[in-house]
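For the sequence shown, full-length UniProt numbering assigns the number 1 to the initial residue and increments by one for each residue that follows. Structure, as C-alpha cells:
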Amino acid sequence: MKKLLMATAALAIGATSAFAETKIGMITTLSGGGAGLGIDVRDGFMLAIGQSGRDDIEVVIEDDQQKPDIAVQLADKMVQSERVDILTGIIWSNLAMAVIPSVTAQGKFYLSPNAGPSALAGQGCHQNYFNVAWQNDNLHEAAGAYATSAGYSNSFVLAPNYPAGQDALTGFKRMFKGEPAGEVYTQLGQTDYAAEIAQIRASGADSVFFFLPGGMGISFLKQYADSGVDLPVVGPAFSFDQGILQAVGDAALGVVNTSQWNKDIDNPTNAAFVESFQAEYGRLPSLYASQGFDTANLILSALDTAEVSDADAFREALRAADFDSTRGDFKFGPNHHPIQTIYAREVIKEGDVFTNKIIGVALENHADVYAADCKM
Numbered sequence: 001m002k003k004l005l006m007a008t009a010a011l012a013i014g015a016t017s018a019f020a021e022t023k024i025g026m027i028t029t030l031s032g033g034g035a036g037l038g039i040d041v042r043d044g045f046m047l048a049i050g051q052s053g054r055d056d057i058e059v060v061i062e063d064d065q066q067k068p069d070i071a072v073q074l075a076d077k078m079v080q081s082e083r084v085d086i087l088t089g090i091i092w093s094n095l096a097m098a099v100i101p102s103v104t105a106q107g108k109f110y111l112s113p114n115a116g117p118s119a120l121a122g123q124g125c126h127q128n129y130f131n132v133a134w135q136n137d138n139l140h141e142a143a144g145a146y147a148t149s150a151g152y153s154n155s156f157v158l159a160p161n162y163p164a165g166q167d168a169l170t171g172f173k174r175m176f177k178g179e180p181a182g183e184v185y186t187q188l189g190q191t192d193y194a195a196e197i198a199q200i201r202a203s204g205a206d207s208v209f210f211f212l213p214g215g216m217g218i219s220f221l222k223q224y225a226d227s228g229v230d231l232p233v234v235g236p237a238f239s240f241d242q243g244i245l246q247a248v249g250d251a252a253l254g255v256v257n258t259s260q261w262n263k264d265i266d267n268p269t270n271a272a273f274v275e276s277f278q279a280e281y282g283r284l285p286s287l288y289a290s291q292g293f294d295t296a297n298l299i300l301s302a303l304d305t306a307e308v309s310d311a312d313a314f315r316e317a318l319r320a321a322d323f324d325s326t327r328g329d330f331k332f333g334p335n336h337h338p339i340q341t342i343y344a345r346e347v348i349k350e351g352d353v354f355t356n357k358i359i360g361v362a363l364e365n366h367a368d369v370y371a372a373d374c375k376m
C-alpha cells in the first residue's frame, strides 16, 4: 500500500489552510489509455472550483490507473486517512462498482461525473449517490432511437465486455426497432478489431453501432476506415468526443453520435464555459470536461446553502440542483440521475479542427428505466 501511494502521489489544490472546511477527493484516470477522459473531468472540475473564488475547499486528486484494486485502495485512504467529505471523479463503471457502494455505506457523498452503471440506478441506488452525467444506457438509447429514425433495420452492434458495455447494448436495443445483424462483446482495452470488422463485413448489416470509449474507439475507427467496409456508423459521444476526434481524423467525418452536451448548446453558461476552458487549457472542452465542470458547480451550489456535516440538508441542496449547467435546465430524477435531452451530433471539421455540431434531438427530457426500482 505504501508503495502504491508513493506511485500515485496526491495533488492537493484549494485552501491553503490545513483545515479546509470542505475536502473533496477525486479519484480518476490520469495515466494509460483512458487518461484523456480523466484529465478532462479533472480540468473541467478544477476550472469551476477556481472560478468560484472560494478558499474553503480542498481537492485531493489521485490516479486510479484504470485499475479497480487501486481505486478501492485510494478510496479507503481518502475516507479513512484524508477524511474527505465528498468523493468524485471515476470514469469507468467497473471501478465505480468497486468503490461507490463502500463509500456511500460509510456515510460519504459520491457525485459521479461520468460512470452511471445500471446497478446503482435501480435497486442499488443510495441517498448519498448522485450522478451528474447520465445513466449508462441513456446515450445508447438515444443512438437506438436515432438509428431507427434514420431507417436502419439491422445494425451490427459491439461494445466492450464490462458493465458500461453491457448497459450500452441493452440501451441501444431498447430503443432500436430493428433486429441486430450481429452482437459482439470485445475485450476491455482491446486494440485490434480485425476479427470484428470481418464479422461486420459478412453480417449483411445495413449499419454499425459501437461503444468503444477512449483509445479503443480510436483503434476501431481507424481500422474500420481502412477496411473498405462502407456501412454508416452510429455511436454515443464517447467515441466521437473532442479529445478523441483529432486522433481519429477524417475517418470520423459525417458520423452521427449522441450526447447530452455539445459546445454549441445555446446558453450563456455553456458559451462562457467553452471560452474559459479554451483560454485556460489551450484546447476545446470535451463532453467529459463539461461533466466535471457541472459536477463542481453542483457541489458549490449545495455548499452555498448547507454544510456537508449536515447530511440531510446537504443532500436536499444537491437534489435541488440549483446551479447553472452547461446543458441549460438541469434536474434529477427520483434515483438521483439526470432527466435530460440527448442530442444527435455530426462530426464536422472547422478549419483544421475536428469537432461536432448538433443536428437534432434524439430523446427529449429522457429519464432512465431503472428509477422505478430505486427505493430510498
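In this text, a Cβ means the ideal position worked out from N, Cα and C, and glycines have one as well. The model shown is predicted, which means the values in this text are computed figures rather than measured ones.
Looking at the strands, I want to know which residues DSSP matches up with E62.
Paired residues: I27.
Per DSSP, which residues does Y343 bridge with? Please list them.
According to DSSP, Y343 bridges with S259 and V361.
Since T88 and L111 are thought to touch, with beta carbons under 8 Å apart, how far apart are those beta carbons, to the nearest angstrom?
Their Cβ separation, rounded to whole angstroms, is 5 Å, which keeps T88 and L111 in contact under 8 Å.
By Cβ distance below 6 Å, which residues in the same chain neighbour K375 in space, the five residues on each side in sequence not counted?
Nothing listed; no residue qualifies.
Going by DSSP, name the residue or residues bridged to T22.
In the DSSP secondary-structure assignment, T22 is bridged to I57.
Indicate the three-state DSSP secondary structure (helix, strand or coil) for L120 in the structure shown.
Residue state, collapsed to three classes: helix.
Output needed for S161: all residues of its chain with C-beta closer than 8 Å, excluding positions within five of it in sequence on either side, in chain order.
A small fix is needed here, since residue 161 is Asn in this sequence, not Ser. Excluding positions up to five away in sequence, the list reads Y185, T186, Q187 and L188.
Which whole-angstrom value is the C-beta distance of F332 and A321, which I expect to be below 8 Å?
6 Å between Cβ atoms; contact.
Can you name the start and end residues of the beta strand (DSSP E) that P101 belongs to?
P101 -> not in any beta strand (DSSP E); alpha helix (DSSP H) instead, spanning S93 to A105.
Starting from I267, trace the alpha helix (DSSP H) in both directions and tell me its first and last residue.
Sequence inspection shows Asn at residue 267; the Ile mentioned does not correspond to that position. Note, N267: premise wrong, no alpha helix (DSSP H); not H, not E.
Using only the alpha-carbon positions, how far apart do N114 and D352 sit?
Taking the straight line joining both Cα atoms gives about 29 Å.
Can you have a look at D294 and say buried or exposed, based on whether 16 or more other CB atoms are within 10 angstroms of its CB?
It is buried - the Cβ of D294 has at least 16 other Cβ atoms within 10 Å.
For a minimum of 4 consecutive residues, which ranges assigned as the alpha helix (DSSP H) are wholly contained in the stretch 105-179?
Complete alpha helix (DSSP H) runs here, min 4: 138-149 and 163-175.
Where P180 and V274 are concerned, what is the direct C-alpha to C-alpha distance, given to the nearest angstrom?
Near 37 Å, if we compare the C-alpha coordinates of V274 and P180.
Any heavy atom of the ligand ADP closer than 8 Å to the beta-carbon of I39?
No copy of the ligand ADP appears in this structure; indeed no ligand is present at all.
Among D55, T341 and F314, whose alpha-carbon lies nearest the alpha-carbon of R327?
Among D55, T341 and F314, the Cα nearest to that of R327 is on T341.
For L188, which of helix, strand or coil comes out of DSSP?
Coil, per DSSP.
Give the straight-line distance between the Cα atoms of A225 and S207, rounded to the nearest whole angstrom.
A direct Cα-Cα distance of roughly 14 Å separates A225 from S207.
Decide if K357 is buried, meaning its Cβ has at least 16 other Cβ atoms within 10 Å, or exposed.
So K357 counts as exposed.
Hey, out of Q127, E58, N138 and G36, whose CA is closest to A362's CA?
Considering only alpha carbons, the answer is N138.
Local Cβ density within 10 Å of D266, reported as buried at 16 or more and exposed below that
By the 16-neighbour rule on beta-carbons within 10 angstroms, D266 is exposed.
Are the stretch 37-57 and the stretch 296-311 touching by the rule of at least three beta carbon pairs closer than 8 Å?
Yes, the stretch 37-57 touches the stretch 296-311.
Rounding to the nearest angstrom, what Cα-Cα distance links D310 and E183 in this structure?
The straight-line gap from Cα to Cα measures roughly 48 Å.
Quick one: residues in its chain with C-beta nearer than 8 Å to the C-beta of Q278, no 5 flanking neighbours on either side, listed in chain order?
Excluding sequence neighbours, Q278 sits near L284 and P285.
From the DSSP output, in three-state form, read off G44 for me.
Three-state result, G44: helix.
Within the chosen definition, does the stretch 115-133 reach the stretch 146-153 through at least 3 CB pairs nearer than 8 Å?
With the cut-off at 8 Å, the stretch 115-133 and the stretch 146-153 do not touch.
Residue nearest to P101 in terms of C-alpha spacing, selected from V84, Q123 and R83
In this structure, Q123 is the residue among V84, Q123 and R83 with its C-alpha nearest to the C-alpha of P101.
Quick one: what does DSSP say P68 is sitting in, helix, strand or coil?
DSSP places P68 within a helical segment (H, G or I) once states are collapsed to three.
Span of the alpha helix (DSSP H) around S203:
Here the alpha helix (DSSP H) through S203 covers A194 to S203.
I'd like to check one pair, I244 with G217: are the Cβ atoms closer than 9 Å?
Taking the C-beta atoms as reference points, I244 is found nearer than 9 Å to G217.
Name the one or two DSSP bridge partners that G328 has.
S325, per the DSSP bridge assignment.
Assuming the contact rule is C-beta atoms closer than 8 Å, D40 and A289 should be a hit. Round their C-beta distance to whole Å, please.
Rounded to the nearest angstrom, the Cβ distance from D40 to A289 is 4 Å, consistent with a contact under 8 Å.
Coarse secondary structure for F314, derived from DSSP in three states
DSSP places F314 in helix when its eight states are reduced to three.
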